[in-house]
Structure formats: structure tokens, C-alpha cells
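Protein chains in written order, with my numbering: chain A, 1 to 172; chain B, 1 to 356.
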């Protein structure tokens, strides 16, 4: 395929833009790409961040805290702000996902078309996760048993809850 | 086996060119990104924190057992040439050779498994196998992951899955890739169309050496993009089923060219063979293109005295660091092109002798 701009050199830079669901494609040679300012995409480190920046611009963080004179929200664990993330293209630590949950939601949806994990659950953390789910279920059961005045069953459930809580305690 | 022995071994496991669909699929790669809970990601972590990650990972591998014969190698213990050799063998990323102070790689002695420590994420598990063996590669990666997870506090969230430095990897942290050789689709000018079509199915197409690299020698990597909202198996199956269409089209295109224009094709692949067998100066780019043609000739039975794995083998051995390692000194570009030509001639003669 030849470059769309000069029609002479082989097109080696293929740019696909999706803006508000509208897709445009251009095929350029390296030199024309540089002239048209697409060359940033040739630098591997920049390409993704540039794309990510594009993803972030439209709606996330419409009025940055700094602009209205408020102190920006910082991740309590690593100190990263959301503008840092936009500039760097990566988060600071695992806690950032919690801190910037709201802002990340639309970003994740755009990148992945989804925001919920559907894959592997690690055995260890996953074990706690399963126990926590069981605990919630038992607490509901206890509630019902008490409501129905089934005290013997309630006592049984309470013992199971205590055992699970001991398990879940750090170091336990 | 020491790292020196690994590096000096002529071919890696995946270069042997075995595995299903080997006429088109050169290799299958699985990468899992993992991080340790609470510790800042490598790009923002302090020196002490990075050192701490190194120590934890080193101990985890030692304790985990059942991971095979794993060697922990700090990147700072390697010379720049040795680091480059690992890149050329696809065992580490080019990024992992920079700012090496608190980086390490854990290598299994068969080169199937490598784990990068403190690259973009704290831990990146990689499995590389020949041919179309993505499912098996995922199994292997999964076992290594379980072994490490038993020793290390992973950053994992119920809703977001495995938490990664870049939100493009969050969820499964999985990047599955198939390395495919598509000479006939390139010859018939269909590559652009196919890359576009594949993109619509959520796959990315890149050159051989990953992000930002060009496709040389008609070798492409097809990878998944989505890591959230889809399970590991589903991701791998989706990648395989889309790539399968491309593989079929490549095979059809090969037969179509052969049928319509056998003499032209035969002339092309044999000219390539002649050049490789006799050239005295070969640039890397020229060698790759000629090897791609020769490989097409072998796959279509037009060249019968060479084995198909000559492509995989030489595409690693003709790279600059491998050439320099061979002669044990630094080489200028001109010297490199000469040495490359003589190595190619030598390997071709060895392959021919084997077939006789």
C-alpha cells in the first residue's frame, strides 16, 4: 500500500482514530507521518500514553481539582494524583485502583468494554474471598433464624460465624 | 545449567520449529502481569522498595519448588551484550535492559519460562513454546503463577482482578500472542486488509519484537487486547479462532500463487536461496526477507534440501548480539553484515548435509 499523502513511498504508519464512535483510518509513509504530527506514534513509549491521553480527555475529570483551587486527591499509599496518572500513563500502586475508582471506571470501560474481572482468582486471596462470601451468607441466615425465634439453629450458625471470623483475622 | 550455558546453546526450545500448524505458526507466547499488594509499581517505587521486591521474588522461587530448574539472575550481573542476547531470544523485553539496577530475570533452563522482575510490573511471567500451543503455554504459566502466588501477597481485587501498573493489563494480566509467518498474504498485498479486519475483533498485530517494532521477514504477532471482563481460556480461544481464519487464508494464498504462477514463485524462492547460499554481505533486513522467501519455498516443496526451522534458528542467530557473541568481540555494522553472510552460508551447508 502506498502513502496516502505523497503517493510514492510505502505506507508503514497506519493510524486508526475512533472519535465518538466514528472511525477514520489513514495510511502514511514514515516521513509524511512525521510531517503530519503522527510520528509520536512511532515512538513505542509514547504511543500508548498518547492514546491513553486521548481516551481520558473527553469526560474524565472535567474540572481538575487544581483548576478550582482544591487540593487534588492523592492515593494515600503512594501519593499519586489522577493528573499524574494521565501524564505518566500508569498508576502508582495497587491502592490507586481503589482511590481513583470513579475516574477509572470510564477508562476501563473504553479500553476493555467492561469493568469487572472474569478470570482467575488466586488461591490464597481467593480463599479469603470465598470465606468472606460464606460469612455474609451465614450472617443473613442468623438474622432469619433469630427473626423466626429458632434459637438453637441461631446458636449453631453463630458458632460457625465465630470460627470463620477467627480464620479471616490477619495472621489467623 | 548456568546462564552462560543457556546463552551459548545454539538454539532455544521454541526455535526447533515443532508444534501444530508449524507451517504458519512459529510460536505461542503467554505473558501474565502480577504485582505485590501495597508496594508501589516499579516506575514509582523507591530503590529500597524495588530491592525488597527482588528479595521477595528470589525467596519465593527458592521456596516454591516444583517450578523446574529456575535460575534467578540480577540484570546488573549481566554485560550489555548478554542482556541483548536475552532480548534477541525473546526471553526479556528490550525495556528490561535499561536502568537495570533493580531488575532481574528468572529463567527456567529450557528457556520455556522466564519471569521478569521489576519491569513495568513487579512480576511478568512469560512462557514461549513452538507452534500453535497456546493452551499448553497457558497451563505452564498458570502453574508458575500458582507457585509464586503461594509465597507472595499478590495485588488482587475482587472486582478488577490482578492489579497492574497500566490499566490496559488489569484483570487477567494476560497477553497471549501467536507469532505467525504470512509470506503469501504479504505477496498478494492482503496484509493491510487482514490487520484491519483482525483489529475489529479486538486483536492487535505487531512486528516480531513486540510493541513499536516493524514486521520484518513477514513475521507478525497477533495478541489479545482486552484483559477485563473475559476469562483466560476465553481470551486464548478467541485469539486462536480469529488467528485460525488468517492461517487458513495464508494457506489458501500459498496454494493460489502456486497454481497461478508456479514458475514465478519458484524463481523467487530459488533466487532467495541462491543469494543466501552465496552472498558475502547481508544486512539483517535483507536476510530476513530472503529467509522468509526460502521458508515459503520449503513449505511448498519447491526447496527440498533444507529444513523449515532454518527460519526460526537464523532469525535469532543473525541478530547483532548473537553475531558478536559468536566472535567474542564488538563488531561494526559492515563487519556484522559480512559475518552474518558467512554464518548463513555455514548453516545452509549444515542443513544441506543433514538432509543428504
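Heads up, the beta-carbon is just placed ideally off N, CA and C, and yes, glycines get one too. For clarity, every value in this text was computed on a predicted model and none was experimentally measured.
Query                                                                                                                          : Result
Exposure of residue 288 (chain B), with buried meaning 16 or more beta-carbon neighbours within 10 Å                           : buried
Short CB-CB distance (under 7 Å) between residue 374 (chain B) and chain A                                                     : This structure gives no information on residue 374 (chain B), because the portion of chain B shown stretches from 1 to 356.
Rounded distance between the beta-carbons of residue 224 (chain B) and residue 208 (chain B), thought under 8 Å                : Not quite, the Cβ-Cβ distance comes to about 18 Å (not below 8 Å), so this is no contact.
Residue 40 (chain B) at chain A interface by Cβ criterion, 7 Å                                                                 : yes
Exposure of residue 250 (chain B), with buried meaning 16 or more beta-carbon neighbours within 10 Å                           : buried
Cβ pair residue 132 (chain B), residue 23 (chain B) closer than 7 Å                                                            : no
Any C-beta of chain B under 7 Å from that of residue 78 (chain A)                                                              : yes
Distance CB(residue 37 (chain B))-CB(residue 153 (chain B)) smaller than 7 Å                                                   : yes
Neighbourhood of residue 74 (chain A) by C-beta, 6 Å cutoff - its chain only, sequence neighbours within 5 removed             : 81
Residue 99 (chain B) (DSSP reduced to helix, strand or coil)                                                                   : coil
Positions along the region 44–57 of chain B whose CB lies within less than 7 Å of some CB in chain A                           : 44
Top-ranked residue by Cα proximity to residue 104 (chain A), from B:355, B:55, B:228, B:112                                    : B:228
Closest Cα partner of residue 61 (chain B) within the set B:90, B:115, B:16, B:39                                              : B:115
Contact set between residue 35 (chain B) and chain A, taken where Cβ atoms lie within less than 9 Å                            : 93, 94
Paired residues, beta bridge with residue 23 (chain A) - DSSP                                                                  : A:18
Partner residues on chain B for residue 26 (chain A), Cβ-Cβ distance less than 8 Å                                             : Near residue 26 (chain A) there are no residues of chain B at all, since even the closest Cβ is about 12 Å away, more than 8 Å.
DSSP-derived helix/strand/coil call for residue 15 (chain B)                                                                   : helix
Simplified DSSP assignment, three categories, for residue 152 (chain B)                                                        : coil
Other residues of its chain near residue 157 (chain B): CB distance less than 7 Å, five sequence neighbours each side excluded : 163
Supposed contact pair residue 134 (chain A) and residue 157 (chain A) - C-beta distance, whole angstroms, cut 8 Å              : Residue 157 (chain A) to residue 134 (chain A), Cβ: 11 Å. No contact.
Rounded C-alpha distance that separates residue 186 (chain B) from residue 268 (chain B)                                       : 14 Å
Local conformation of residue 356 (chain B) per DSSP, three classes                                                            : coil
Where residue 176 (chain A) sits in the DSSP three-state scheme                                                                : Given a span of 1 to 172 for chain A in the structure shown, any question on residue 176 (chain A) remains unanswerable.
Chain B within 7 Å of residue 111 (chain A), Cβ atoms only                                                                     : yes
Residue 365 (chain B) versus A:101, A:17, A:97, residue with shortest Cα-Cα distance                                           : Shown here, chain B extends from 1 to 356; a query on residue 365 (chain B) therefore has no answer.
Continuous alpha helix (DSSP H) stretch holding residue 90 (chain B): start and end                                            : Note, residue 90 (chain B): premise wrong, no alpha helix (DSSP H); not H, not E.
Min CB distance residue 97 (chain A) to chain B below 7 Å                                                                      : yes
Residues near residue 355 (chain B) by beta carbon distance below 8 Å, same chain, minus five either side                      : 304, 305, 306, 307
Backbone CA spacing between residue 323 (chain B) and residue 114 (chain A) [nearest angstrom]                                 : 46 Å
Burial state of residue 14 (chain B), where buried means 16 or more other Cβ atoms lie within 10 Å                             : buried
Nearest neighbour of residue 78 (chain B), chosen from B:59, B:338, B:95, B:104 [CA to CA]                                     : B:104
Closer than 7 Å to chain B by CB, residue 146 (chain A)                                                                        : no
Neighbour flag for residue 135 (chain A) against chain B, beta carbons, 7 Å                                                    : no
Which residues DSSP lists as bridging residue 72 (chain B), in chain order                                                     : B:106
Bridge partner(s) assigned by DSSP for residue 219 (chain B)                                                                   : B:181
DSSP bridge partner residues for residue 157 (chain B) (one or two, in chain order)                                            : B:161
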